[in-house]
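S.K.:
Protein chains in written order, with our numbering: chain U, 61 to 348; chain C, 61 to 348.
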């Protein structure tokens with residue numbers, strides 16, 4: 061940050077940065093697996109689109125950002141990492157409330173690769189609860205701008221914990237299933253895949269599932285579904301940069317399918333990880 | 061922060077604090093006018109309620125917080141100040157994604173008193189534009205928890221600037237007027253005051269207007285109104301800790317009333333500032 065590389069313990073943002081005080085920021089997270097970024101181009105595209113929509117300006121161009129991200133990973137020493145890039149509104153030296161007067165700031169960091177599901181959960185499938193909390197609607201905040209407005213997701217998460225579940229799904233304004241804290245959701249029914257169309261983050265792993273389906277000859281569509289339809293699915297999985305494709309085997313009190321990781325989920329997961337070494341899908345972390 | 065008093069330039073929060081990365085935080089802002097906090101009790105009540113609703117725990121009790129806020133003001137040297145207290149989810153030493161494992165943190169700071177409207181705007185009334193952006197609805201985030209989810213308000217603000225206005229109002233999900241970036245709104249029509257009831261922050265200055273109306277024998281109610289009703293008002297004003305009661309004399313292209321600060325607005329504003337020296341409404345900033 062601010063042109064310096066620091067240990068994570070020293071990476072701090074001013075309390076007066078609007079990125080903190082108004083969550084006036086956008087970000088993206090790409091992961092590195094065995095020394096290679098996965099689909100970095102797609103993450104950078106989304107990040108730059110979000111910055112433009114928020115009317116911010118970065119002090120670095122695309123290739124400079126790529127170099128900074130690589131340097132973060134190399135300095136961290138992690139072979140597999142979770143790499144976050146952030147653009148905040150910044151602050152105004154005069155305490156002005158006018159966002160046009162703020163100096164936008166760029167921050168990037170690399171931490172160890174993390175997953176929504178731990179190893180045991182990946183093998184047996186996650187237990188998810190559906191909350192009545194409504195995801196912030198697109199008329200309030202454009203979900204294609206990846207943002208830190210998570211209080212709805214966090215409320216859902218606490219409600220899920222109260223029910224003994226491991227993570228949460230929240231709904232959209234029509235009471236259809238939307239997404240969870242940091243992930244999209246897919247259902248498989250009679251061989252067809254489906255993921256919510258509206259009011260959700262257009263996740264890169266979600267996009268990747270569509271791409272993998274094309275390659276495997278599977279049919280996938282973006283269209284909304286309700287709780288009952290989700291619980292009646294043959295297979296359910298969630299998708300996130302933090303963990304990839306992760307099976308869900310229980311929703312509220314309903315066991316999904318036969319209660320084990322399904323065949324389609326397994327096929328997609330295997331191909332997903334194979335792609336991490338494919339130069340068409342991944343790029344090496346490079347030194348200066 | 062962290063038990064230390066620092067110059068503002070050194071007040072920084074960890075990039076990994078969920079208060080930054082997920083805007084998982086609540087806050088409150090009280091102001092000090094000529095050495096006295098204004099309605100500190102009401103601000104502390106709201107702050108503590110928000111913390112409880114977010115299932116956070118503060119490392120300090122109420123009287124300790126009062127002492128910290130006073131110390132911030134005294135060390136800052138400001139006679140009139142804008143004093144913010146923040147509770148963030150904090151971070152987890154293990155990068156856990158589980159908010160229950162985070163250590164909640166308290167931050168407080170004092171900066172010079174700021175206002176939504178500058179001196180000239182206070183005298184002639186603000187020019188406001190109404191945006192189509194919808195305030196994050198209560199089914200997504202409980203507006204009684206004062207929060208930093210401002211991207212909807214900031215979008216409205218940029219749209220207002222595009223139209224040559226000075227600040228913005230955004231709407232609720234039913235297209236009624238909601239609130240603006242950091243303020244509530246009131247209209248006066250035929251001697252009756254009205255402010256939106258639903259989906260808005262229960263502002264302390266908004267509450268203060270109700271209290272002042274009682275004292276002045278004015279009738280005020282919380283009930284929703286649409287754009288046309290607002291534009292047809294005799295007087296319009298906004299309320300915020302950052303500036304108090306501030307007249308609005310133009311909305312979009314419509315001049316409100318006779319285009320000057322109205323009599324009711326002026327009467328309320330005068331009484332509002334008189335109350336700042338009243339021990340029933342204010343408390344002195346105290347040394348240790």
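Note that CB positions come from ideal geometry on N, CA and C, so glycine has one too.
Computed from a predicted model, the values in this text were never measured in an experiment.
(1) Could you compute how far the alpha carbon of residue 165 (chain C) sits from the alpha carbon of residue 69 (chain C)?
(2) From U:176, U:232, U:186, pick the residue whose C-alpha is nearest to that of residue 199 (chain C); which is it?
(3) Using DSSP's beta-bridge definition, name the partner residues of residue 77 (chain U).
(4) Hey, is the region 314 to 321 of chain C in contact with the region 286 to 300 of chain C, meaning 3+ C-beta pairs nearer than 8 Å?
(5) So, does the CB of residue 176 (chain U) fall closer than 9 Å to a CB anywhere in chain A?
(6) Using the beta-carbon of each residue, which ones in chain C are nearer than 8 Å to residue 321 (chain U)?
(7) Whole angstroms are fine: how far does the CA of residue 335 (chain C) sit from the CA of residue 236 (chain C)?
(8) For the structure I just gave you, are there three or more beta carbon pairs, one from the region 213 to 230 of chain C and one from the region 122 to 135 of chain C, closer than 8 Å?
(9) Between the region 113 to 120 of chain C and the region 108 to 115 of chain U, do at least 3 Cβ pairs fall closer than 8 Å?
(10) How big is the Cα-Cα spacing for residue 121 (chain U) and residue 104 (chain U)?
(11) Which value, in whole angstroms, describes the spacing of the CA atoms of residue 204 (chain U) and residue 313 (chain C)?
(12) Which chain C residues are close to residue 184 (chain U), counting only those with a beta carbon under 8 Å from its beta carbon?
(13) With distance defined between alpha-carbon atoms, name the residue in C:261, C:135, C:174, C:180 nearest to residue 308 (chain C).
(14) Tell me the DSSP secondary structure of residue 121 (chain C) in three-state form.
(15) Between the Cα of residue 152 (chain C) and the Cα atoms of C:252, C:287, C:77, C:324, which residue gives the shortest distance?
(16) So what does DSSP say about residue 91 (chain C), is it helix, strand or coil?
(17) Could you round the C-beta distance between residue 65 (chain C) and residue 135 (chain C) to whole angstroms and report it? I think they count as a contact, below 8 Å.
(18) Which residues does DSSP list as the beta-bridge partners of residue 187 (chain C)?
(19) Should the region 178 to 192 of chain U be regarded as contacting the region 339 to 346 of chain U, the criterion being three or more beta carbon pairs within less than 8 Å?
(20) Return the residue from the list U:156, U:160, U:173, U:247 that minimises the CA-CA distance to residue 140 (chain U).
(21) Less than 7 Å between C-beta atoms, sequence neighbours within five positions excluded: which residues of the same chain meet that for residue 102 (chain C)?
(22) Between the Cα of residue 248 (chain C) and the Cα atoms of C:147, C:211, C:278, C:332, which residue gives the shortest distance?
(23) Along the chain, where does the beta strand (DSSP E) containing residue 298 (chain U) start, and where does it finish?
(24) For residue 210 (chain C), return the contacting residues in chain U, with the cut-off set at a CB-CB distance below 7 Å.
M.R.: Based on what the coordinates show:
(1) One-based indexing of the second chain puts residue 165 (chain C) at position 105. One-based indexing of the second chain puts residue 69 (chain C) at position 9. Those two C-alpha atoms are separated by around 19 Å.
(2) As a first step, residue 199 (chain C) is located in the second chain; it is residue number 139 there, counting from the start. When each option's Cα is compared against that of residue 199 (chain C), the closest is U:232.
(3) Indexing the first chain from 1 puts residue 77 (chain U) at position 17. Answer is none; residue 77 (chain U) lacks a bridge partner.
(4) yes
(5) In the structure shown, chain A does not exist; the protein chains are U and C.
(6) For the purposes of this step, residue 321 (chain U) is taken as residue 261 along the first chain, with counting starting at 1. Within chain C, no C-beta atom comes less than 8 Å from the C-beta of residue 321 (chain U); the nearest is roughly 21 Å away.
(7) For the purposes of this step, residue 236 (chain C) is taken as the residue at position 176 of the second chain. For the purposes of this step, residue 335 (chain C) is taken as the residue at position 275 of the second chain. If you take the alpha carbons of residue 236 (chain C) and residue 335 (chain C), they lie about 32 Å apart.
(8) Contact check between the region 213 to 230 of chain C and the region 122 to 135 of chain C: fewer than three CB pairs, one atom from each, fall below 8 Å, which does not count as touching.
(9) Touching, no.
(10) Taking the first chain and counting its residues from 1, the one referred to as residue 121 (chain U) is at position 61. Taking the first chain and counting its residues from 1, the one referred to as residue 104 (chain U) is at position 44. Cα-Cα distance, rounded: 11 Å.
(11) Sequence index remark: in the first chain, residue 204 (chain U) carries index 144 (1-based). Sequence index remark: in the second chain, residue 313 (chain C) carries index 253 (1-based). Roughly 32 Å separates the two Cα atoms.
(12) Residue numbering aside, residue 184 (chain U) sits at position 124 when the first chain is read from its first letter. The premise fails here: residue 184 (chain U) is roughly 18 Å from chain C at the closest Cβ pair, so nothing lies under 8 Å.
(13) Locating residue 308 (chain C) in the second chain gives position 248, where the first residue counts as 1. Nearest of C:261, C:135, C:174, C:180 to residue 308 (chain C), Cα basis: C:180.
(14) Position 61 of the second chain, counted from the start, is the residue given in the question as residue 121 (chain C). Reduced to three states, the DSSP call for residue 121 (chain C) is coil.
(15) Along the second chain, one-based indexing puts residue 152 (chain C) at 92. If we check each option's Cα against that of residue 152 (chain C), C:77 comes out closest.
(16) Counting from 1 along the second chain, the entry for residue 91 (chain C) is found at position 31. Residue 91 (chain C) falls in the strand class under three-state DSSP.
(17) The residue given as residue 65 (chain C) occupies position 5 in the second chain. The residue given as residue 135 (chain C) occupies position 75 in the second chain. Your pair residue 65 (chain C) and residue 135 (chain C) checks out as a contact, with CB atoms roughly 5 Å apart and the cut at 8 Å.
(18) Counted from its first residue, the second chain places residue 187 (chain C) at position 127. DSSP output for residue 187 (chain C) lists C:310 as bridge partner(s).
(19) no
(20) Sequence index remark: in the first chain, residue 140 (chain U) carries index 80 (1-based). Of U:156, U:160, U:173, U:247, the residue nearest in Cα terms is U:173.
(21) Locating residue 102 (chain C) in the second chain gives position 42, where the first residue counts as 1. Excluding residues within five positions, the ones whose Cβ falls inside 7 Å are 264, 267.
(22) Along the second chain, one-based indexing puts residue 248 (chain C) at 188. Ranked by how close their Cα comes to the Cα of residue 248 (chain C), the residues C:147, C:211, C:278, C:332 have C:278 in first place.
(23) Along the first chain, read from residue 1 onward, the residue named residue 298 (chain U) stands at position 238. Segment 295 to 300, the beta strand (DSSP E) holding residue 298 (chain U).
(24) The residue labelled residue 210 (chain C) in the question sits at position 150 within the second chain. Going along chain U in sequence order, the residues near residue 210 (chain C) (Cβ under 7 Å) are 82, 83, 84.
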